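Numbering-wise (UniProt numbering), the sequence shown opens with residue 1 and increments by one.
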Amino acid sequence: MSTANTATQQIRKQAQQTFSNHLEYLSSGRISEWVDLFAEDGVLEFPYGPEGFPKKVTGKGELYAYMKNFPRHFQVRFTGLRFHETTDPSLVVAEFSSEGKALETGRPYNQTYISLVETRDGKITRYVDFWNPLVAMKAMGAENISAAYLG
Numbered sequence: 001m002s003t004a005n006t007a008t009q010q011i012r013k014q015a016q017q018t019f020s021n022h023l024e025y026l027s028s029g030r031i032s033e034w035v036d037l038f039a040e041d042g043v044l045e046f047p048y049g050p051e052g053f054p055k056k057v058t059g060k061g062e063l064y065a066y067m068k069n070f071p072r073h074f075q076v077r078f079t080g081l082r083f084h085e086t087t088d089p090s091l092v093v094a095e096f097s098s099e100g101k102a103l104e105t106g107r108p109y110n111q112t113y114i115s116l117v118e119t120r121d122g123k124i125t126r127y128v129d130f131w132n133p134l135v136a137m138k139a140m141g142a143e144n145i146s147a148a149y150l151g
């Protein structure tokens with residue numbers, strides 16, 4: 001294997017490990033460690049977020065404020081992680097699912113995700129999260145997910 005191929009594989013491996021750590025930290029409620037996976041100016045985007053839900057969260061402070069309550073609301077286990085190889089080794093495209101429940105209602109929270117994650121030097125610079133907000137709303141027993149999730 002050439003030096004260029006080895007470097008490319010190392011970058012890809014590091015990016016995929018960062019993503020795997022993201023799932024581990026989030027499912028175990030380690031939000032401070034989860035935030036540390038992001039670059040200082042890292043961005044989390046929700047293209048399908050419902051009305052009243054943020055479309056974008058930027059920077060470690062906002063990321064922490066946004067996610068700090070996740071462990072209070074959801075207990076999840078991520079399964080079926082599948083990476084799709086890209087021409088850019090620092091870009092992660094992943095499919096996975098979650099199995100869990102909303103802690104306040106006991107209702108199931110079983111979600112399917114597709115994530116597009118840009119990394120630089122092992123840090124997430126941009127995370128585009130494609131998920132179904134209706135699943136979260138049903139699990140929380142709320143018509144307005146922003147009130148249920150962010151409160």
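Every residue gets a Cβ at the ideal spot worked out from N, C-alpha and C, and that includes glycine.
Nothing here was measured: the structure is a model prediction, and the numbers come from that model.
Grab the span of the alpha helix (DSSP H) containing residue i for me, first residue to last.
i, result
"residue 81", "From DSSP, residue 81 is part of no alpha helix (DSSP H) but of the beta strand (DSSP E) over 74-84."
"residue 138", "133-140"
Please report how far the alpha carbon of residue i lies from the alpha carbon of residue j, in whole angstroms.
i, j, result
"residue 77", "residue 112", "12 Å"
"residue 123", "residue 18", "7 Å"
"residue 135", "residue 4", "43 Å"
"residue 31", "residue 64", "7 Å"
"residue 73", "residue 89", "34 Å"
"residue 57", "residue 117", "14 Å"
"residue 82", "residue 115", "10 Å"
"residue 15", "residue 99", "24 Å"
"residue 148", "residue 13", "Residue confidence is low: residue 148 scores 48 on pLDDT, short of 50, so the model does not pin down where it sits. Its coordinate-derived value is still stated next. Roughly 36 Å between the two C-alpha positions."
"residue 102", "residue 139", "6 Å"
At which residues does the beta strand (DSSP E) containing residue i begin and terminate?
i, result
"residue 107", "Taken as a continuous stretch (DSSP letters only), residue 107 belongs to no beta strand (DSSP E), as it is neither H nor E."
"residue 123", "123-130"
"residue 119", "111-120"
Throw me the rounded Cβ distance for the residue i and residue j pair, which I believe falls under 8 Å.
i, j, result
"residue 48", "residue 34", "No, residue 48 and residue 34 are not in contact; Cβ-Cβ is about 21 Å, not under 8 Å."
"residue 23", "residue 130", "That pair is no contact at about 15 Å."
"residue 39", "residue 120", "6 Å"
Please go through the same chain and pick out, in chain order, the residues whose beta-carbon is closer than 6 Å to the beta-carbon of residue i, but skip the five residues on each side of it.
i, result
"residue 71", "29"
Could you pull out every residue in the same chain whose Cβ sits closer than 8 Å to the Cβ of residue i, ignoring the five residues on either side in sequence?
i, result
"residue 66", "44, 54, 57, 150"
"residue 41", "58, 59, 125"
Ignoring anything shorter than 3 residues, give me the beta strand (DSSP E) runs that lie fully in the stretch 10-66, in order along the chain. 38-45, 56-58
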